[in-house]
Amino acid sequence: MTEVRRNTNIARRKDVMLQVGAWAAAMAVTGLLFTQLAPFGGPAGFFIIDWVIFLGLYGLMASFEGDRQAVKDRLVAAAIRGVAVTGLVALVAFVAYPLISGFDAWRHLNFYSQDMALAGPLDPLTQGGIIHAIVGSLEQITIALIITVPLGLTCAVFLNETRGVFTRFVRTVVDAMTALPSIVAGLFVYAFLILALGLDKSGLAAGCAISVMMLPIVIRASDVVIRLVPSSLREASLALGAGQLRTAWHVVLPSARSGLTTAILLGTARGIGETSPVLITAGFTAYLNADPTSGPQVSLPLATFMFVQSPEDAMKARAFGAAGVLMVLVLILFGIARLGGGRPAGQLSGRQRRGRDRASARDRERFIGRIKGESG
101 MTEVRRNTNI ARRKDVMLQV GAWAAAMAVT GLLFTQLAPF GGPAGFFIID WVIFLGLYGL
161 MASFEGDRQA VKDRLVAAAI RGVAVTGLVA LVAFVAYPLI SGFDAWRHLN FYSQDMALAG
221 PLDPLTQGGI IHAIVGSLEQ ITIALIITVP LGLTCAVFLN ETRGVFTRFV RTVVDAMTAL
281 PSIVAGLFVY AFLILALGLD KSGLAAGCAI SVMMLPIVIR ASDVVIRLVP SSLREASLAL
341 GAGQLRTAWH VVLPSARSGL TTAILLGTAR GIGETSPVLI TAGFTAYLNA DPTSGPQVSL
401 PLATFMFVQS PEDAMKARAF GAAGVLMVLV LILFGIARLG GGRPAGQLSG RQRRGRDRAS
461 ARDRERFIGR IKGESG
């Protein structure tokens, strides 16, 4: 039997109108169910019932002009588009809600330049701000990155370049740490650095606790990325006489640069949103403390957690404003990291290309001079 190729691209004008009609009918039937026949209540129930009725009506209307297989194609396409739209709407709502809810705090410049030392729950939004939380978050995540990036990348290279019992043991420990509760990391750093070594509650201790949470994420993601580097690159480097360490440093890591940047970003996203480790190891303060080695220090997630517990509308607006600033800060850090390390392997920056051209010119002059000396 000769197979007939089916066209699954059904986004025609007639089909779009069919979907719109089915959706309108589904909305009407769902509204009737909720308001007259069976008042279930709740937006989630309304959406689910409306979606089920829409698929049923759309399949029924599509069956009038197509066979069974065509109806299946249209239903699957409609379901996939619906899931994609639902995810997009949820993502937009997740980002937009704190930005809109915190707009009253955002529009005051003092929100970015003052701390909460002289502002109370009953004070208006024209007093107080979150500069102490912004500085604390930046310093703590910087400390965590200084600890995590070299340790994480070194451990990932070790897991890929070596074999043995100890390697399997390290991989098992890293896998177990991935599911480590954040409060356990905070208690570990609190017991080791603060109780045992006598370190004060500070941003430094909070950065160490955050690094404990970031480290397994960076190691696992970097391990996967390095594993994707073609083995032919390693073999070519070793064949040219380079050692294993030099191959890993000059061949493997540059080839996986873009993926390693993503791994670091994933770890940063995990660490910058931690609350309980910061509360345990750095405490809480309403004052600006720019010294991460001494005294309590607050972060944006912790400030959001403290603000939102207040029944006052001004404090809730500050909480949503702090959450919005945190999201914007994360986006800025991600953009900077992408610009700095997101080039594909082998693609050089302008400075690197100019250096390559200068080195090539020197080699050319040296080669020409050698030829002239031999001929003379």
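Every number in this note's numbering is 100 more than the matching position in the sequence shown, counting from 1.
All C-beta atoms in this analysis are idealised placements derived from N, C-alpha and C, irrespective of residue type, glycine included.
DSSP three-state call for residue i: helix, strand or coil?
i, result
"residue 331", "helix"
"residue 398", "coil"
"residue 301", "coil"
"residue 388", "coil"
"residue 407", "helix"
"residue 454", "helix"
"residue 208", "coil"
"residue 465", "helix"
"residue 234", "helix"
"residue 216", "coil"
"residue 198", "helix"
"residue 381", "helix"
"residue 187", "helix"
"residue 429", "helix"
"residue 226", "coil"
"residue 221", "coil"
"residue 393", "coil"
Buried or exposed for residue i, going by 16 or more other Cβ atoms inside 10 Å?
i, result
"residue 148", "exposed"
"residue 312", "buried"
"residue 188", "exposed"
"residue 391", "exposed"
"residue 352", "buried"
"residue 266", "exposed"
"residue 264", "exposed"
"residue 165", "exposed"
"residue 422", "buried"
"residue 169", "exposed"
"residue 240", "buried"
"residue 233", "buried"
"residue 275", "exposed"
"residue 248", "buried"
"residue 457", "exposed"
"residue 331", "exposed"
"residue 254", "exposed"
"residue 399", "buried"
Using only CA atoms, which one of the options lies nearest to residue i?
i, options, result
"residue 287", "176, 156, 383", "383"
"residue 318", "370, 409, 268", "370"
"residue 389", "414, 437, 237", "237"
"residue 280", "245, 124, 205, 374", "374"
"residue 221", "365, 414, 273", "414"
"residue 159", "376, 175, 151", "175"
"residue 396", "350, 306, 331", "306"
"residue 403", "246, 471, 223, 215", "215"
"residue 428", "185, 198, 152", "198"
"residue 179", "219, 193, 157", "157"
"residue 205", "191, 185, 229, 192", "229"
"residue 283", "210, 376, 359", "376"
"residue 212", "227, 435, 270, 412", "227"
"residue 418", "302, 190, 270, 231", "231"
Does residue i get closer than 8 Å to chain D when you measure Cβ to Cβ?
i, result
"residue 463", "Protein chains in the displayed structure number just one, and chain D is not present."
For the ligand SAM, I want to know if residue i counts as a neighbour, meaning its beta carbon is within less than 7 Å of at least one of the ligand's heavy atoms.
i, result
"residue 425", "Questions concerning the ligand SAM fall outside what the structure shown contains, since it holds no ligand whatsoever."
Ignoring anything shorter than 3 residues, give me the beta strand (DSSP E) runs that lie fully in the stretch 252–325, in order along the chain. Those beta strand (DSSP E) runs which fall completely within the stretch 252–325 and span 3+ residues do not exist here.
Any alpha helix (DSSP H) of 4 or more consecutive residues that is wholly inside the stretch 333–372: You should have 344–347, 357–372.
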